[in-house]
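Novice: Before we start, here is the structure in question, set down as structure tokens.
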Amino acid sequence: NSKYKVYIIDEVHMLTPESFNALLKTLEEPPQHVIFILATTEAHKLPETIISRTQRFNFKPVDKDKTINHLKSIADKEKISVDEDALDLIADHSRGSLRDALSILDQVRNMSSPVTSQGVLDLLGLASTDSINSIVNSLENRDMPSLVTVIKSMMDQGIEAPTIAKQLGLRIRADLLDNKSLLNPETTIELLRQLIEIPASVEPAIALENVLLSTIIKSQPVN
Numbered sequence: 177n178s179k180y181k182v183y184i185i186d187e188v189h190m191l192t193p194e195s196f197n198a199l200l201k202t203l204e205e206p207p208q209h210v211i212f213i214l215a216t217t218e219a220h221k222l223p224e225t226i227i228s229r230t231q232r233f234n235f236k237p238v239d240k241d242k243t244i245n246h247l248k249s250i251a252d253k254e255k256i257s258v259d260e261d262a263l264d265l266i267a268d269h270s271r272g273s274l275r276d277a278l279s280i281l282d283q284v285r286n287m288s289s290p291v292t293s294q295g296v297l298d299l300l301g302l303a304s305t306d307s308i309n310s311i312v313n314s315l316e317n318r319d320m321p322s323l324v325t326v327i328k329s330m331m332d333q334g335i336e337a338p339t340i341a342k343q344l345g346l347r348i349r350a351d352l353l354d355n356k357s358l359l360n361p362e363t364t365i366e367l368l369r370q371l372i373e374i375p376a377s378v379e380p381a382i383a384l385e386n387v388l389l390s391t392i393i394k395s396q397p398v399n
């Protein structure tokens, strides 16, 4: 019943040059009843001839508080029982994407009810806050046995080394910016750099353990 017909071309930057040329003619003289929406995450790959004939709208990640409020609204309407910690965790992991946030909420809801933070952690394969805190405490206390035990326990739970490295990196970075870290700044920066490289390692689990143990050794006082 609409007076307009809307065509959405997703990932438009993947069109071939020939396709762009064919589309260009229509964009130059579009029918009055037609609206084209060209969606892309790589606008710089679009030809100038296309860019000059379109209006550009940049979409930004949704604020965390707005994401949580939207999830609460959906949960209320759908009669989904969900705790605050779970909503906070979903909002953090979705990184401003409402679509991803709703997808996570729906998947966890199908796994268990009520929706809890542990359910979200299990679905996403994430480590608990307590586990990440234990690693940080082991690093700051230079406690190698405790560190190895915590990492082994997390691995036994099926949490992958790249995931641990990412979560740990975010925690250490936050502590550094808030001046809460007990490690010296140089050691912290080097540790963050090494954690970023963990996912690309041939043996991420071994690499993670080596990085953390070497951090403890380097931070040991010299006699």
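Numbering (this note's numbering), first residue to last: 177 to 399.
Heads up, the beta-carbon is just placed ideally off N, CA and C, and yes, glycines get one too.
Fair warning: this is a prediction, and the values are worked out from it, not measured in the lab.
1) Measure from the alpha carbon of Asp276 to the alpha carbon of each residue in Lys253, Ile244 and Gln294, then state which is nearest.
2) So which of Pro237, Gly345, Lys328 and Leu371 has the shortest CA-CA distance to Arg271?
3) What number of angstroms, rounded off, separates the C-alpha of Thr216 from the C-alpha of Ala376?
4) Could you check whether Ile327 and Glu379 sit closer than 7 Å to each other, using their CB atoms as the reference points?
5) What distance in whole Å lies between the Cβ atoms of Thr364 and Ile348, which are believed to be in contact at a cut-off of 8 Å?
6) Can you check the segment 239-303 for any alpha helix (DSSP H) of at least 4 residues that lies completely inside it and give the ranges in chain order?
7) Mind checking whether Leu344 and Ile372 have CB atoms under 7 Å apart?
8) Starting from the Cα of Arg232, find the closest Cα among Pro223, Ala219 and Leu323 and give me that residue.
9) Within a Cβ cutoff of 7 Å, which residues of the same chain sit near Val182, ignoring the five residues on either side of it in sequence?
10) Tell me the rounded alpha-carbon separation between Ser304 and Gly295.
11) Given that a residue counts as buried once 16 or more other Cβ atoms are within 10 Å of its Cβ, and exposed if not, what is Gln333?
12) Between Met330 and Ser307, is the Cβ-Cβ spacing less than 7 Å?
13) Starting from Ile211, trace the alpha helix (DSSP H) in both directions and tell me its first and last residue.
14) Can you tell me which of the three DSSP states Ile372 falls into?
15) Can you tell me which of the three DSSP states Lys236 falls into?
16) Taking 7 Å as the limit between beta carbons, can you name the residues of its chain near Ser289, skipping five residues before and five after?
17) Which residue spans inside the segment 181-228 form an unbroken alpha helix (DSSP H) run of at least 4?
18) Would a C-beta distance cut-off of 7 Å place Leu300 and Leu247 closer than the cut-off?
19) Measure from the alpha carbon of Asp268 to the alpha carbon of each residue in Ala251, Leu191 and Ser293, then state which is nearest.
20) Expressed to the nearest angstrom, what Euclidean distance is found between the alpha-carbon atoms of Leu203 and Arg229?
21) Whole angstroms are fine: how far does the CA of Asn309 sit from the CA of Asp354?
22) Name the two residues that bound the continuous alpha helix (DSSP H) containing Leu359.
23) Are the CB atoms of Ile374 and Ala341 within a distance shorter than 7 Å?
24) On the three-state DSSP scale, how would you describe Asp319?
Specialist: So, to answer that:
1) Ile244
2) Pro237
3) 27 Å
4) no
5) Between Ile348 and Thr364 a beta carbon distance of about 6 Å is seen, short of the 8 Å cut, so the two are scored as contacting.
6) Counting only runs of at least 4 residues, the segment 239-303 fully encloses the following alpha helix (DSSP H) elements, listed from N- to C-terminal order: 240-253, 260-270, 274-287 and 293-300.
7) Going by C-beta atoms, Leu344 is not nearer than 7 Å to Ile372.
8) Scanning Pro223, Ala219 and Leu323 for the CA closest to the CA of Arg232 turns up Ala219.
9) Hits under 7 Å: Ile211 and Ile213.
10) 11 Å
11) exposed
12) yes
13) Counting along the chain, Ile211 falls outside any alpha helix (DSSP H), though it belongs to the beta strand (DSSP E) covering Val210 to Leu214.
14) helix
15) coil
16) Ser257
17) 193-204 and 224-227
18) With a cutoff of 7 Å on beta-carbon distance, Leu300 and Leu247 are scored as not near each other.
19) Ser293
20) 7 Å
21) 16 Å
22) Leu359 -> no alpha helix (DSSP H), and no H or E assigned at all.
23) yes
24) coil
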